[in-house]
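Residue 185 in full-length UniProt numbering sits at position 185 of the sequence shown, and the numbers go up by one each step.
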Amino acid sequence: MATEGPAKRSCGTCRERRISCDRTLPVCLQCTRTKRKCKGYDLRLFWPRENDRKRAVVARPPLCGKNHHSAGVYMINVHSWDIEMYHRLNGSLPDNKSQPILWIPMPFNSMSMDNRDKDLFQYFRYVASQALTVFGHEPTNLGNLLIRISLSSDSSSATAVRKAMLALSSLHRYGVQSQAIELKITSLKALASASKDNLGAVELVQHVAAGMLLCSFEIHQSSCTSSQWTFFISGVKEVIHTLCAPSAELQHNRYLAPLTDWVYYHDVLARFMMRHWRGETTAVPLNPSSWNDETCTQMPPAGTYFLQRRIPYLCPTSSMAILHLLSEVCESLIPGPYDSMFDQELEDYKNFLQVLDWRVRSIQVSSPVTELYQLAILVYINRVTNDLLSQSSQIEHHIDRAYSLFSNMPSCERQFPVFIIGCEARTDVQRTIILNLMSRTEKQVSSRSLNHARLLLPAIWVQDDLADGNIGYWEKLTSIISCCSIMPSLV
1 MATEGPAKRS CGTCRERRIS CDRTLPVCLQ CTRTKRKCKG YDLRLFWPRE
51 NDRKRAVVAR PPLCGKNHHS AGVYMINVHS WDIEMYHRLN GSLPDNKSQP
101 ILWIPMPFNS MSMDNRDKDL FQYFRYVASQ ALTVFGHEPT NLGNLLIRIS
151 LSSDSSSATA VRKAMLALSS LHRYGVQSQA IELKITSLKA LASASKDNLG
201 AVELVQHVAA GMLLCSFEIH QSSCTSSQWT FFISGVKEVI HTLCAPSAEL
251 QHNRYLAPLT DWVYYHDVLA RFMMRHWRGE TTAVPLNPSS WNDETCTQMP
301 PAGTYFLQRR IPYLCPTSSM AILHLLSEVC ESLIPGPYDS MFDQELEDYK
351 NFLQVLDWRV RSIQVSSPVT ELYQLAILVY INRVTNDLLS QSSQIEHHID
401 RAYSLFSNMP SCERQFPVFI IGCEARTDVQ RTIILNLMSR TEKQVSSRSL
451 NHARLLLPAI WVQDDLADGN IGYWEKLTSI ISCCSIMPSL V
C-alpha cells in the first residue's frame with residue numbers, strides 16, 4: 001500500500017515552538033512523542049500576541065468602562081437631507097419641489113405593538129401620511145399630529161385612532177385586502193365603545209382624528225363601494241357641534257389647527273359636490289343604527305351642513321381664505337338663467353357677484369396649488385352665472401394661466417382645481433395636459449386614486465364635443481356627476 005509523503009511545511013505546533021518538524025502525516029511525530037496536540041499542516045492565520053515584542057502591531061487591552069468619545073469630541077454626520085438642502089440653497093432644485101423636512105425622533109412610548117402593527121405604524125409615519133388630503137398644511141405635519149394623538153393614552157378612543165391609522169397605512173401599502181378591512185372594523189368597534197363614556201377634550205380630539213382617518217380610508221381608492229366617507233364627515237361634524245363650545249379646546253388650540261383645517265377642507269369640498277349630486281333635500285342619519293342602503297350616499301341638508309367659521313387668528317393663510325370663499329360660493333351662488341328675477345334683484349345679485357369676484361382675486365396666493373384654487377373658483381363663478389359679469393376675456397386668461405401651471409407641475413394631488421379647469425379643456429392639447437398631469441400624480445406616494453376625475457372629465461369632454469357648446473354648464477355638471485353611484489370626492 002502506498003504511503004503518504006511528508007508534508008510540505010511544518011505543523012502549527014512545531015512552528016510555534018520554533019523546532020524542527022518531521023512533517024509526518026497525518027500528525028507530527030514530534031507532537032506525538034511530547035504528547036502535544038498537533039495543530040496540523042493547513043494554512044493558519046496568526047494574530048499578534050500581547051507580549052510579542054517582535055511584532056510591529058500588537059493587541060491592546062480593551063478600554064473597559066471608559067467612554068470611547070473623548071470629552072468635547074463629536075461626530076457631525078452628513079445625511080441625504082443635508083445634500084438635498086444644499087442643492088436647494090444652491091438653486092439646483094426646481095422651485096416647486098417641497099422643502100426637505102428635518103425629522104425629530106419620536107419619544108419612546110411604552111405601548112406594546114406586534115411586529116405587523118409596528119411595520120404599518122412606521123410606514124404611516126414616513127410614507128402613507130403624505131397621502132392625507134389636507135389643504136394649507138404639510139400632510140406629514142398632520143400625520144405626526146395624528147401619531148401623537150393616537151399615542152396620548154391607551155383609551156378606547158385612542159385605540160380607534162391607532163387602528164384607523166394602521167388601516168389606512170395597510171390600504172396605502174397593499175391595496176384593498178383583508179388586513180386593511182379588519183383594522184378598519186376594529187377601529188369602528190373601539191370608536192363605538194368609546195362613545196358610551198363621557199367625552200372630555202382629549203377624547204373629543206381623538207374622536208375627530210379617528211373619524212377623519214376612516215373618511216380618508218374610504219376616499220383613498222374612490223371605488224363604487226366607498227360610500228361611507230360622507231357618513232364619517234357627518235359623524236365628525238356631530239361630535240364638533242355637540243361637544244365643542246365656542247371656547248372649547250378644538251377650536252382655539254393652535255396645535256390642533258391642522259386637524260380642524262383638515263375637517264373644514266373636507267366639509268367644504270363635500271358641500272360643493274352635493275350641489276351637483278342628486279340635489280340637497282335629504283339628510284344623512286347621524287345615528288349609525290339608522291344607516292341603510294338608501295341613505296348611505298346622502299348628505300345633510302345645506303342649512304346645517306357647514307362647520308362654524310374658523311377663528312380668524314387660526315387661519316390667516318391664503319389657503320384658508322380660499323376655502324372660506326369656496327364655502328360662500330357653495331352657499332350663495334345661484335345658477336343661471338335669471339329671467340325670473342326682477343330688475344332690482346338682478347342688479348343686487350350682480351353687485352354681490354362683483355364683490356365676491358373681487359374678494360377671490362384679492363387673495364395673495366402663496367403657492368401654485370393655491371393659485372389654481374383661486375383660478376378654479378373664478379372660472380366656476382363665471383360659468384355657473386352664465387357670464388353675468390361679462391368677463392369672457394379675463395376667464396380665458398385665467399384658463400390659460402391654469403394650464404400653464406399644470407404643464408410645469410410634477411403633480412397636483414388636490415383634485416378640485418384639476419376637475420374644474422379640466423372641464424374647460426376644448427382642444428386635444430389641453431386634454432393631454434390634464435391626462436398627463438393625472439398620470440404623473442398617480443405615480444406619487446402622496447396621491448390617492450383619481451378614479452372619479454378620470455371618469456367624469458372624459459364624459460364631460462364628450463358632451464362638449466357632441467353639443468358643440470350648446471349645453472348649459474350647471475346642467476352638464478349636475479347631470480354627469482349625478483350619474484355616479486356614490487357622491488364623488490374631489491379633495
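Glycine residues also receive a C-beta, built at the ideal position from the N, C-alpha and C atoms.
Classification of M113 by the beta-carbon crowding that lies within 10 angstroms, buried from 16 upward: exposed
Boundaries (first-last residue) of the alpha helix (DSSP H) holding C330: S318 to S332
Contacting residues, own chain, Cβ-Cβ under 7 Å from V360 (five flanking each side not counted): L325, Q374, I377 and L378
Residue of K196, R254 and S187 minimising C-alpha distance to F232: S187
Closer than 7 Å: T32 CB and nearest the ligand FMN heavy atom: Questions concerning the ligand FMN fall outside what the structure shown contains, since it holds no ligand whatsoever.
Pairwise C-alpha distance: S195 and A158: 12 Å
C-alpha gap between P100 and D387, whole angstroms: 43 Å
Sequence-distant residues of its chain with Cβ nearer than 6 Å to P417 (five each side left out): L372, Y373 and A376
Beta-carbon spacing of L132, A160 below 8 Å: no
Proximity below 8 Å, CB of S318 to CB of S366: yes
CA nearest to the CA of M165, picked from H137, Y174 and F121: F121
6 Å CB neighbourhood of E16 in its chain, flanking five on each side removed: none
Beta-carbon proximity list for E328, same chain, < 8 Å, skipping 5 on both sides: L356
N-terminal and C-terminal residue of the alpha helix (DSSP H) that I480 is part of: Y473 to I481
R9, buried or exposed, once every other Cβ within 10 Å from all chains shown has been counted against 16: exposed
Run of the alpha helix (DSSP H) containing K8, from where it starts to where it stops: It is not in any alpha helix (DSSP H) - K8 carries neither H nor E in the DSSP assignment.
E413 beta carbon less than 8 Å from that of T441: yes
Euclidean distance between Cα positions of Q444 and L171: 15 Å
Proximity to A7 [Cα-Cα], best of R18, C14, I19 and T24: T24
Separation of G336 from K350, as counted between CA atoms: 12 Å
N- and C-terminal bounds of the alpha helix (DSSP H) containing residue 506: What the structure shows of the chain is the stretch from 1 to 491, and residue 506 is not part of that stretch, so it cannot be assessed.
Delimiting residues of the alpha helix (DSSP H) encompassing N215: Looking at the sequence provided, one finds Cys at residue 215 rather than Asn. Note, C215: alpha helix (DSSP H), A201 to Q221.
Whole-number beta carbon distance between S222 and S449, since they are thought to touch under 8 Å: 4 Å
Cβ shell of H276 (< 6 Å), same chain only, five flanking positions each side left out: L477, T478 and I481
C-alpha gap between I83 and E138, whole angstroms: 21 Å
For I460, three-class secondary structure by DSSP: helix
Euclidean distance between Cα positions of T230 and K118: 30 Å
Residues near T13 in its chain [Cβ-Cβ closer than 6 Å; skip 5 each side]: C31, R36, C38 and K39
Residue burial classification, G175 (beta-carbon count within 10 angstroms, cutoff 16): exposed
Contacts around I460, its chain only, beta-carbon distance under 7 Å, and the 5 residues preceding and following it disregarded: C423, K476 and I480
I185, enclosing alpha helix (DSSP H) - first and last residue: S178 to A194
Inter-residue CB distance, V239 and L204 (contact presumed, cutoff 8 Å): 6 Å
Chain-order list of residues whose beta-carbon lies under 7 Å from that of C11 (same chain, five-residue window excluded): C21, C28, C31, C38, K39, G40 and Y41
Endpoints, alpha helix (DSSP H) assigned at C31: L29 to R33
Span separating the alpha-carbon of residue 501 from that of L145: Since the first and last residues shown for the chain are 1 and 491, residue 501 lies out of range.
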